[in-house]
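Take the sequence shown: its position 68, counting from 1, is numbered 75 in our numbering, and each next residue is one higher. Beta carbons are placed, not taken as given, at the ideal position from N, Cα and C, and that holds for glycine. Quick caveat: nothing in here was measured; it's all calculated off a predicted structure. Notes follow the structure.
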Amino acid sequence: MSIVTAASSQSAYRGYEYYKAKNVQKVDHVGEGEIGGSVSGSGNNTYDVRINLAHPRKSQCSCPHAAGKQVVCKHMVAVYFTAFPTEAEQYIRELEEYWEEEEKREQEKEDRLIAFVRKMKKSEAQEALLQLLLDGPDWQYDRFVAEYLGEW
Ligand SMILES: [Zn+2]
Numbered sequence: 008m009s010i011v012t013a014a015s016s017q018s019a020y021r022g023y024e025y026y027k028a029k030n031v032q033k034v035d036h037v038g039e040g041e042i043g044g045s046v047s048g049s050g051n052n053t054y055d056v057r058i059n060l061a062h063p064r065k066s067q068c069s070c071p072h073a074a075g076k077q078v079v080c081k082h083m084v085a086v087y088f089t090a091f092p093t094e095a096e097q098y099i100r101e102l103e104e105y106w107e108e109e110e111k112r113e114q115e116k117e118d119r120l121i122a123f124v125r126k127m128k129k130s131e132a133q134e135a136l137l138q139l140l141l142d143g144p145d146w147q148y149d150r151f152v153a154e155y156l157g158e159w
């Protein structure tokens with residue numbers, strides 16, 4: 008398991024942003040399978056990171072999110088990407104491919120929905136609309152009433 012897959016998807020992406028923004032001040036190969044570094048965080052804070060490559064969850068960072076916990080934080084990810092830029096490139100390429108796939112799936116779903124609704128019988132469509140309005144969230148009901156019946 009790499010440090011990136013051990014991180015939450017949010018920490019991984021924030022770490023990538025930190026790496027891109029050059030928040031990592033220095034990186035050292037401090038020993039066998041270990042990388043040290045320091046990262047400027049929010050405000051004027053600087054956090055010290057020590058990455059254990061073989062056991063990502065044993066990595067350490069002095070930030071409040073990770074200190075004393077077995078959590079992989081964005082600072083660790085940023086240091087890791089600075090030490091291994093090709094890993095950063097692979098990470099963002101895979102993420103962008105995933106986003107494109109998601110977008111394509113969403114678009115296909117929308118196209119199918121539109122085609123289906125356009126083929127519904129009037130009575131079916133009326134029944135479905137009423138159900139959505141009566142069972143759905145209040146804002147939807149209120150918006151429909153305001154749009155089609157006016158204020159009352
Ligand atoms: Zn941290």
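Terminal residues of the alpha helix (DSSP H) in which residue i lies
i, result
"SER69", "Note, SER69: premise wrong, no alpha helix (DSSP H); not H, not E."
"ARG57", "Per DSSP, ARG57 belongs to no alpha helix (DSSP H); it is in the beta strand (DSSP E), 53-59."
"PHE123", "92-126"
Which of helix, strand or coil DSSP assigns to residue i
i, result
"SER45", "strand"
"GLY189", "Past the edges of the chain, shown from 8 to 159, lies residue 189, and the structure says nothing about it."
"SER9", "coil"
"VAL79", "coil"
"ALA153", "helix"
"PRO63", "helix"
"SER15", "coil"
"ALA135", "helix"
Extent of the continuous beta strand (DSSP E) to which residue i belongs
i, result
"GLY38", "31-38"
Cβ neighbours of residue i in the same chain (closer than 7 Å, five flanking residues each side left out)
i, result
"GLY48", "TYR54, CYS70, HIS82"
Nonlocal neighbours in the same chain, by C-beta distance under 8 Å from residue i, ignoring five residues either side
i, result
"ASP118", "none"
"VAL124", "ALA132"
Spatial neighbours of residue i in its chain, beta-carbon cut-off 6 Å, leaving aside the 5 residues before and after
i, result
"GLU39", "none"
Presumed contact (8 Å Cβ cut-off) between residue i and residue j, rounded CB distance
i, j, result
"GLY44", "VAL86", "4 Å"
"TYR23", "TYR98", "6 Å"
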